[in-house]
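Residue numbers (the UniProt record's numbering), protein chains in the order written: chain B, 1 to 240; chain V, 1 to 240. Here is the structure we will look at.
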DNA sequence: GCTGATTTATTTGTCAGACATTTATCAAGC
DNA sequence: GCTTGATAAATGTCTGACAAATAAATCAGC
């Protein structure tokens, strides 16, 4: 009556197994936020392994921001409250690598991004605050500058779209979209932006801001749709 | 000896600094998929640290699925091709913890989930394949069973919605949505589902499947909107 | 010459013990 | 009362060693 019916292949890697144990305890709530784990020596005794092995396990968890460590007396490993900032970072790293390593096409990534972004637009139109509009307007100004490198233009584009997402006022949405928006940047960096194409994009950005200011989700949506197809065609000007 | 002027301001936590270095190299493409890293001993010499320190760094990267390791001659650490499966897993873990540790309200998470899901609906209506419809229909059947626990009902609900997302035929969307959908499960598990409420939900699910079958994005969207508001009210029956 | 078993070399996985560094706590001295 | 120093606890790091896995080289046998 053992649980060897579980499909989980018990890792022969002790540090991976220990990390998995502790991770499960955190996810299941048996270890709560800010709770202190036993010291490395105690964990070593508990799992009957050496301290370096325990440390490797803890580093794995630290890499996922599940724990944080503190040195000194009354230090140790603590269950970490995963902040939005940390979650953003991991989300962006994972998304970026997923796209680049699997040869995801520009079209696929672009479609996903604009689909998700359109989902935010109605909420953004309803809740946008002055600072969101100001942030977006500032990026438009930056994008209009002459002599801006393609890379800088892309970075500003990303910042614009992140501000748009943030305007929806839903931190969970912002978190989910962070990956989609940021991971697009490397792909968009491969495009050459002519003066005219920049002007078109900037014009659409302005339409988006205006639509949000007037709380018109329809105008915002149509601008996004146009921006999507324009961006797609930029990448494959001779397609079809 | 030019690099002794390398005052990188993170001398604490050498293993974190080394992991960061290697991670940057992978993201920047200086290390490509399936490329073998130097052995632990070589890395130790290269970074002028001990092998355990290098190992801790490598374990951090392994925790993010950035590398995989192999024992034996011609073994070592290899840059890992991040698979969608692995990315799903990390996304789900991070999202679940983010919601539970930050006390994200049901409404907020629910709003994000349905907003994102509505973004998938038009694509799903266009591209859904028979197996997607079959998978969704199978979950509806499961949900209709009597004596089903609330937890099992929720699990089936999640499976239904993931099938809906997959029907959009965009792996990047599926990846992004995996977190949003799965992370909702713990929150939805806290709801008690009466027979009547289950019937309402199942009815809406059926409407969604029918709409997809008929390739009607409008019907699908309206069903999703209704499902959203119904779910929200289930959680706070006396609100407003 | 070729096949198959054996040895060898390389590399990760694990262990033990030690020292360095950081930090909270507490006691001593002014 | 406040500062200051000693103390203890914990993580961070190092050294050296052995175990285990695995691919390549070697060698015996035909």
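Heads up, the beta-carbon is just placed ideally off N, CA and C, and yes, glycines get one too. Model, not experiment: these values are computed from the prediction.
Among the residues facing chain B, residue 59 of chain V is included, as its CB has a counterpart in that chain under 7 Å away. When the beta-carbon positions are compared, residue 61 of chain V and residue 28 of chain V stay at least 7 Å from each other. Counting along the chain, residue 92 of chain B sits inside the alpha helix (DSSP H) bounded by residues 84–101. Contact of residue 108 of chain B with chain V is assigned, a C-beta pair being separated by under 7 Å. Secondary structure remark: continuous alpha helix (DSSP H) runs of at least 4 residues inside the region 111–183 of chain B, in chain order: 130–144 and 150–166.
Here the alpha carbon of residue 22 of chain B sits roughly 49 Å from the alpha carbon of residue 202 of chain B.
Bridge partners of residue 106 of chain V according to DSSP: none are assigned. A check of alpha carbon separations from residue 169 of chain V across V:131, V:103 and V:187 identifies V:131 as the nearest. Using a CB distance cut-off of 7 Å, residue 81 of chain V counts as an interface residue toward chain B. Contact with chain B is found for residue 170 of chain V, since one of that chain's Cβ atoms lies less than 7 Å from the residue's Cβ. The residue from B:172, B:51 and B:231 with its alpha-carbon nearest to that of residue 197 of chain B is B:231. Straight-line spacing of the CA atoms in residue 172 of chain V and residue 116 of chain V works out to 13 Å. Within its own chain, the residues whose Cβ lies closer than 7 Å to the Cβ of residue 154 of chain V, once the five positions on either side in sequence are excluded, are 185, 188 and 189, listed in chain order.
With a threshold of 7 Å between beta carbons, residue 231 of chain B makes no contact with chain V. Taking a C-beta distance under 7 Å as the contact criterion, residue 124 of chain V and residue 167 of chain V qualify as a contact pair. Counting the other Cβ atoms within 10 Å of the Cβ of residue 208 of chain V gives 16 or more, which makes it buried. The beta-carbon of residue 101 of chain B is placed less than 7 Å from the nearest beta-carbon of chain V. If you check the CB distance, residue 51 of chain V and residue 40 of chain V come in under 7 Å. For residue 78 of chain B, DSSP records a beta bridge to B:36 and B:68. Flagged as an interface residue toward chain V: residue 90 of chain B, by a C-beta distance shorter than 7 Å.
Annotation for residue 227 of chain V: the continuous alpha helix (DSSP H) segment containing it runs 217–235.
When rounded, the separation of the alpha-carbon atoms in residue 24 of chain B and residue 126 of chain B is 39 Å. Pairing residue 82 of chain V with residue 195 of chain V, the inter-Cα distance amounts to about 42 Å.
With fewer than 16 other Cβ atoms from the protein chains shown falling within 10 Å of its own Cβ, residue 75 of chain V counts as exposed.
Closest option to residue 15 of chain V, judged by alpha-carbon separation, among V:225, V:174 and V:57: V:57.
Burial of residue 157 of chain V is indicated by the presence of at least 16 other C-beta atoms within 10 angstroms of its C-beta. Interface with chain V (7 Å Cβ-Cβ cutoff): residue 225 of chain B is excluded. Residue 14 of chain B sits in a helix when the DSSP states are folded into three classes. The criterion of a C-beta distance shorter than 7 Å is not satisfied by residue 104 of chain V and residue 35 of chain V.
Not flagged as an interface residue toward chain B: residue 192 of chain V, since no C-beta distance is shorter than 7 Å. For residue 220 of chain V, the closest of V:136, V:128 and V:122 by C-alpha to C-alpha distance is V:122.
Per DSSP, residue 191 of chain V lies in no alpha helix (DSSP H) segment and is marked neither H nor E.
Taking C-beta separations shorter than 6 Å and ignoring five residues to either side along the sequence, the partners of residue 49 of chain V in its chain run 14, following chain order. Taking 8 Å as the upper bound for CB-CB distance, residue 178 of chain V and residue 91 of chain V are in contact here, some 5 Å apart. Going by DSSP, residue 63 of chain V is part of the alpha helix (DSSP H) stretching over 51–63.
A residue is called buried when at least 16 other Cβ atoms come within 10 angstroms of its Cβ; residue 151 of chain B does not meet this threshold and is exposed.
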